[in-house]
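For what it's worth, this note's numbering labels the leading residue of the sequence shown as 755, then goes sequentially.
See structure below.
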Amino acid sequence: MAETECGAVREQHRFNQRALERYLEDRLPGFPSDASHALTVKQYRSGQSNPTFYLQKGPKEYVLRKKPPGKLLPGAHRIDREYRVQKALSSVGFPVPRSLLYCDDSTVIGTEFYIMEHVQGRIFRDISLPGVSPAERCALYVAMTETLAQLHALDVNALDLKGFGKGEGYCRRQVLTWKAQYERSRNKDIPAMNDLSEWLINNVPARDNEQKLVHGDFRLDNIIFHPKEARVVAVLDWELSTIGHALADFAYFTVPYELCIGVKYIDLGKNFSVADVEVIPPLEDLISIYFHRRGVPVQLNDWNFHLALALFKTAGIFQGIYGRFLLGNASQENAYRFGEVVKPIAEHGLRLAKKALTATEPQPSPAVNLFLLSKKGERVLLQVKQFMQEHVYPAQQEVLDYYIKNQDSPDRWKKPSVVGRLQEMAKAEGLWNLFLPSVSGLSQLDYAFIAEELGKCFFASDVFNCQPPDSGNMEVLHLYGSEEQKRQWLEPLLEGKIQSCFCMTEPDIASSDATNMRCSMVRDGDSYIINGKKWWSSGAGTANCKIAIVMGRTGNASTSKYKQHSMMLVPLDTPGVQLVRGLKVFGFEDTPHGGHFEVHFNNVRVPSGNLILGEGRGFEIAQGRLGPGRIHHCMRTIGVAERALQIMCERTGQRESFGKKLYEHEVVAHWIAESRIAIEQARLLTLKAAKAIDTVGSARARKEIAMIKIVAPRMASKVIDNAIQVCGAAGVCQDFPLGLMYSLIRTLRIADGPDEVHLSAVAKMELNEQAKQLMAKM
């Protein structure tokens, strides 16, 4: 609790400070009795319910909570409950201020009070968290969500809270409680409040028997965050806590989303709007995180009821605040403003109550439920989504304009300056090298979800230093490189100072059979001399491309065909390295990704120390590189397909033909449905492969990897083709990105091996598995 949020004690809340000091000297262990230090008392400006005070004497700091003065509503301001629940939660390590002393003698300062420890940290009043970076903003919301889930996961029976609440029938009691509170404090009749309370009491969920410890008022300004970290260090204001329904408690936490969307709502002088929702994490993400942290399946049964109840409760609380203002005992100076928002909040709650659950309401992705991300993965995914929304998508037009302007200039192989600025921002927020588990701390499954987000924008991977082929090359150096190779090449690649290319495919042989490769690497003393031709060396045209990983033949015919090839690090400025030409993909140069070049090696001499891992280890390295790399390709491909489907849906609503909107034509509607089905199927198979890599490794996940390599590009090609057909002639010109998307995705059916090779591999593995099962039965 920041002392800076304190001011002088307001007149209506003043008490005998000397009496308090004497009492604490006698009853509170460790309280200074040194007369040379006076007791300082300040009042926190926040707190609409129980007045809260900052105490300091000498080096000791405390916080005092008391009841408000004057006539109070029955059952309200139960600070004894606050003290009790905080004491119980502190004993099990839940983040609350430690309760130190309770005083039920109202003669000391005029009301009951309790003392708790002073917790240093940050408290935010504005849900948009101005001044906080997007990445930290997401992390703070995730921390809040996880803390609430931690609370609801506690075993109530293990806490010393016997008789703390009735439990069963919580939702019904809540409706009746807040109806009574509203009626006691109302100054005028509000029909919407009456109608909403009637709807709620008639629609109480059939299963109203959950018994979890609930906070009752879990919101941003009741949280203390660590001074520097995105971590909750204390949850405050437990006045409304009891035993009840966890989903009702969680729905109340999500009320700001509803208020921003449905109500022009004033709180603490801040005008909220839909824009505020757009700068905080999506609600569906918080829902997924909440249920994951609780360790239970996502269940949104009666979600609209709980939201409507939360709004009814909010309106009731605000009416109570305004009522205390009318009585002259409000805890905060701007309490007079709360009366004006009770009616619109109730009206929105009534609209929400009567609305059937629709697809527009928060629906966590089924894939997230089936394949759960790690705690860190959830947080980083939210950060990436936020960064994309705030910085990457708004820069798309500037990046496109750069490449259009420089399409005939050598500058087309350079990165636009805006990409460099975004890279620095991403690096500063820790959103860097996310693809590499040992660096990012993310699993392949975690990164699969992130890669899908990156695939939605053509240059997003570069912003986070996750672009191919650099990501695969960095994996190679990390896994197989020597310490000197890592120092010289991996470190600058990880820092984003240089880029790289990968030279494997050759123009003069059928590269679908990689054992055909002829590029020679001949040992000559302490060097190797390389001769050969490579093409489709992606990234080689980038102005900052400094190093190539080249695969060539070092062995002779007497060795196994899978032991004849090696990988070598070749700096592109080495004499004899020639960038012959950039290869176009359906007419596109693909300059944002450094193009796809034909590269010749003419008597190129490199030190033997540039050999990676050892002679004859090329295919071993290639398999290690291509497994995770294909996962990344496939998830980015799914992101591309999602963007194409979005374009398709937008276009069908904008255009008419033969007297109907395009989506009203059955064939177009079927394209939309089939595209969605195909995307979901491909995503699930890809996530299964990512999970297999995490659990059994790339070698044992070969079948899953081969299957997604086939499925994802085929699916995306079809979805993009549908989108092009819907957009008509516009779909194949530069007015839409569909032509470029199709060219790149169609190429993936050849890149990293043609579909037919992978189909044969899948068939062989399936036959072997079936044969083993048959033998086991005999």
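Don't be surprised by glycine CBs; every beta carbon is placed ideally from N, CA and C.
When C-alpha distances from GLU1206 are compared across ASP949, LEU1136, SER1163, the shortest belongs to LEU1136. With contacts defined as CB atoms closer than 8 Å, ILE1431 and VAL1473 fail to qualify as a contacting pair.
Just measuring C-alpha positions, the residue of LYS982, SER1362, LEU974 sitting nearest PHE1007 is LEU974. Cβ neighbours of ALA1484 within its own chain (closer than 7 Å, five residues either side excluded): PHE1490. In the structure shown, TYR1044 adopts helical secondary structure according to DSSP, grouped into three states. Boundaries for ALA988: no alpha helix (DSSP H) harbours it, while the beta strand (DSSP E) harbouring it runs 986-989, taken from the DSSP string. Ranking LEU778, ALA1214, LEU930, THR899 by CA distance to the CA of LEU1188 puts ALA1214 first. About 6 Å separates the beta carbon of HIS1145 from that of LEU1176, a gap short enough to meet the 8 Å contact definition. Per the DSSP secondary-structure output, MET1461 pairs with nothing in a beta bridge. In the three-state reduction of the DSSP assignment, HIS980 falls in the coil class. For LEU809, the closest alpha carbon among the candidates VAL850, VAL873, ARG838 is that of VAL873. Contact between GLU1343 and ALA889 does not hold, since the beta-carbon distance rounds to 34 Å and is not under 8 Å.
If the five residues before and after SER951 are omitted, its C-beta is found closer than 7 Å to the C-beta atoms of VAL929, LYS933, PHE1066, all from its own chain and listed in chain order.
Distances from the CA of GLY1226 to each of ALA1525, LEU1199, LEU1247 were compared; the closest alpha carbon is that of LEU1247. As the crow flies, the alpha-carbon of LEU902 is around 8 Å from that of PHE1004. The three-state reading of DSSP puts ASP1489 in coil, since its state is none of H, G, I, E or B.
The C-beta distance from VAL1153 to PRO1164 rounds to 18 Å, too long to fall under 8 Å, and the pair is not in contact.
Check the Cα spacing between GLU1510 and each of MET1469, LYS1463, MET1529, GLN1479: the tightest is with LYS1463. Counted as a single uninterrupted DSSP element, the stretch harbouring HIS1145 is not any alpha helix (DSSP H), since DSSP gives it neither H nor E. Contact between the region 1409-1427 and the region 1440-1459 is absent, with fewer than three C-beta pairs closer than 8 Å.
ALA1100 sits in a helix when the DSSP states are folded into three classes. In this structure TYR895 is buried. Its beta-carbon is surrounded by 16 or more other beta-carbon atoms within 10 angstroms. Taking C-alpha positions only, GLU1396 is separated from LYS1210 by approximately 7 Å. With a cutoff of 8 Å on beta-carbon distance, MET1321 and ILE1284 are scored as not near each other.
The DSSP assignment places 1224-1234, 1245-1249 as complete runs of the alpha helix (DSSP H) inside the region 1216-1282, in order along the chain (cut-off: 4 residues). When SER882, HIS969, ILE877, LEU908 are compared, the shortest CA-CA separation from GLU836 is found for HIS969. For the set GLU983, GLN1400, PRO1036, LEU778, the Cα lying nearest the Cα of CYS857 is the one of LEU778.
Counting every other CB atom within 10 Å of its CB across the protein chains shown gives ARG1133 a total of 16 or more, marking it as buried. In the three-state scheme derived from DSSP, where H, G and I count as helix and E and B as strand, PRO959 is classed as coil. Between the region 1295-1310 and the region 1266-1278 there are three or more inter-stretch CB-CB distances shorter than 8 Å, so the stretches are counted as touching.
Taking 8 Å as the cut-off, the Cβ atoms of MET1389 and VAL1480 do not count as close. Annotation for GLY1049: ALA907 place their beta carbon closer than 7 Å to its own, counting only its chain and skipping 5 residues before and after. Around GLU937, the same chain offers no residue with a beta carbon nearer than 6 Å, after the five sequence neighbours per side are excluded.
Check the Cα spacing between SER1291 and each of ASP1216, GLY1279, LEU1326: the tightest is with LEU1326. In the structure shown, THR794 adopts extended strand secondary structure according to DSSP, grouped into three states. Checking the DSSP bridge columns, you'll see MET870 partnered with VAL817, SER853.
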